[in-house]
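> Pasting a structure here, questions to come.
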Amino acid sequence: LDPENWMQSGSGPRYVRLRRRIEEGIAEGTFPAGAPLPPEREIATLTGLSRVTVRKAIQELAEKGVIVQRQGSGSFVTGPDDRRVEQSLSRLTSFTDDMARRGMESTATWLERGIFFPSPEEVVALALSSGDSVARLSRLRLADGRPMAIERASLPLEILPDPKSVGRSLYEVLERTGKHPVRAIQKISAINLGPEESGLLGLQPNDAGLKIERMSYLKDGRAAEFTRSTYRGDAYNFVAELRLAS
Ligand code: 16G
Numbered sequence: 373l374d375p376e377n378w379m380q381s382g383s384g385p386r387y388v389r390l391r392r393r394i395e396e397g398i399a400e401g402t403f404p405a406g407a408p409l410p411p412e413r414e415i416a417t418l419t420g421l422s423r424v425t426v427r428k429a430i431q432e433l434a435e436k437g438v439i440v441q442r443q444g445s446g447s448f449v450t451g452p453d454d455r456r457v458e459q460s461l462s463r464l465t466s467f468t469d470d471m472a473r474r475g476m477e478s479t480a481t482w483l484e485r486g487i488f489f490p491s492p493e494e495v496v497a498l499a500l501s502s503g504d505s506v507a508r509l510s511r512l513r514l515a516d517g518r519p520m521a522i523e524r525a526s527l528p529l530e531i532l533p534d535p536k537s538v539g540r541s542l543y544e545v546l547e548r549t550g551k552h553p554v555r556a557i558q559k560i561s562a563i564n565l566g567p568e569e570s571g572l573l574g575l576q577p578n579d580a581g582l583k584i585e586r587m588s589y590l591k592d593g594r595a596a597e598f599t600r601s602t603y604r605g606d607a608y609n610f611v612a613e614l615r616l617a618s
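So the number in this note's numbering is just where the residue sits in the sequence shown, counting from 1, plus 372.
Given below as structure tokens:
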């Protein structure tokens, strides 16, 4: 931020030039991931800019996700963990609840929602009888507008007779109708994203992803939901509490 030369960083309003200069500083490693940015007042003194201009540049960096602002301690260069959501592996929760608990808004783009002839995999997983149809809900799930996962849920019609009744939350509908699962087995494997999935998730083909399969059951043991999901590899930290086996 040398006052002699920083103003030469291209054209545009002062706050845009300052923002770009800080982004360059981050790219060059002057401000490494996780490092604090100098306080607003210091940047103003260094550059000779007004605090309003500096604040505007910092605001834009925060909106772009380049920095994170922490109450009372200032701004920090976004590190790999700042863009990840901590997800417990020991609680049976829904995407909507998980995001609400973090103060994030969950939205979805529907890819498929209806009643279908089941695939052999669905017949086996959900123990369907011949002639049974299956309810399918496929969604791209977003948190505060950021794509997080593609989820493909399949349910027997006795659990979800009307797939269109699911607006925002599947588990909310199951709760309301007394069909909420109480137990699930979840399997997670590492994958490289294919072209279609990476596009939906806003990533590049071959980027890292996680394949998650959840098989959930009602209290009486009946299969409730078989969900195959693809999660972004860069958006989650999965956490489980471990206890010494006795
Ligand atoms: C979670 C579940 C998914 C379930 C969904 C319901 C995984 C890894 N997680 O994302 O099985 O269908 O929650 O969410 O599969 P909703 O109630 O917000 O629709």
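Here a beta-carbon is modelled for each residue, glycine too, at the ideal position from N, C-alpha and C.
(1) For L529, tell me which candidate among Y543, E547, L421, F488 has the shortest Cα-Cα distance.
(2) Tell me the DSSP secondary structure of F467 in three-state form.
(3) The ligand MN and S466: does any heavy atom of the ligand fall closer than 8 Å to the residue's C-beta?
(4) Please look up how many angstroms separate the CB atoms of A434 and R391, rounded, as I've assumed it's under 8 Å.
(5) Taking contact to mean 3 or more Cβ pairs, one atom from each stretch, closer than 8 Å, check whether the region 461-480 and the region 513-533 are in contact.
(6) Starting from the Cα of G550, find the closest Cα among D579, N609, K583, D592 and give me that residue.
(7) Give, in chain order, every unbroken run of the beta strand (DSSP E) that is at least 3 residues long and sits entirely within the region 496-558.
(8) Are there any heavy atoms of the ligand 16G lying less than 8 Å away from the beta-carbon of L572, as far as the coordinates show?
(9) In the DSSP assignment, find the unbroken alpha helix (DSSP H) run with L421 in it and report its ends.
(10) Classify K436 as helix, strand or coil using the three-state DSSP reduction.
(11) Using DSSP bridges, identify the partner residues of T599.
(12) Under 8 Å Cβ to Cβ from E497, same chain only, skipping five residues before and after it: list those, please.
(13) State the Cα-Cα distance for the pair Q459 and S561, rounded to the nearest angstrom.
(14) Can you tell me where the beta strand (DSSP E) holding G593 begins and where it ends?
(15) Give the single residue among S601, Y608, L614, L500 whose Cα lies nearest to the Cα of L483.
(16) Helix, strand or coil: which one does DSSP assign to A580?
Taking the structure as given:
(1) As a first step, residue 529 is located in the sequence shown; it is residue number 157 there, counting from the start. Ranking the options by Cα distance to L529, first place goes to F488.
(2) Taking the first residue of the sequence shown as position 1, residue 467 is located at position 95. Of the three classes helix, strand and coil, the one that applies to F467 here is helix, per DSSP.
(3) Only the ligand 16G can be found as ligands here, which leaves the ligand MN out of the picture.
(4) For the purposes of this step, residue 434 is identified with residue 62 of the sequence shown, where counting begins at 1. For the purposes of this step, residue 391 is identified with residue 19 of the sequence shown, where counting begins at 1. Contact flag wrong, Cβ pair sits at about 10 Å.
(5) yes
(6) Sequence index remark: in the sequence shown, residue 550 carries index 178 (1-based). It is D592 whose Cα lies nearest to the Cα of G550.
(7) 506-515, 518-528
(8) The residue given as residue 572 occupies position 200 in the sequence shown. Checking the Cβ of L572 against the ligand 16G gives no.
(9) On the sequence shown, residue 421 is found 49 positions in, with the first residue counted as 1. Per DSSP, L421 belongs to no alpha helix (DSSP H) and is neither H nor E.
(10) To locate residue 436, count along the sequence shown from 1; it is residue 64. K436: coil per DSSP, three-state reduction.
(11) In the sequence shown, the residue the question calls residue 599 occupies position 227. Note: T599 sits in a beta bridge opposite A525, R586.
(12) For the purposes of this step, residue 497 is identified with residue 125 of the sequence shown, where counting begins at 1. Sequence check: residue 497 is Ala here, not Glu. Counting only Cβ-Cβ distances below 8 Å, and skipping sequence neighbours, we find S526, M587, A595, F598.
(13) To locate residue 459, count along the sequence shown from 1; it is residue 87. To locate residue 561, count along the sequence shown from 1; it is residue 189. In a straight line, the C-alpha of Q459 is about 15 Å away from that of S561.
(14) Position 221 of the sequence shown, counting from 1, holds the residue named residue 593. That residue, G593, is in no beta strand (DSSP E); it is neither H nor E in DSSP.
(15) In the sequence shown, residue 483 corresponds to position 111, counting from 1. Nearest option by C-alpha distance: S601.
(16) For the purposes of this step, residue 580 is taken as residue 208 along the sequence shown, with counting starting at 1. Strand, per DSSP.
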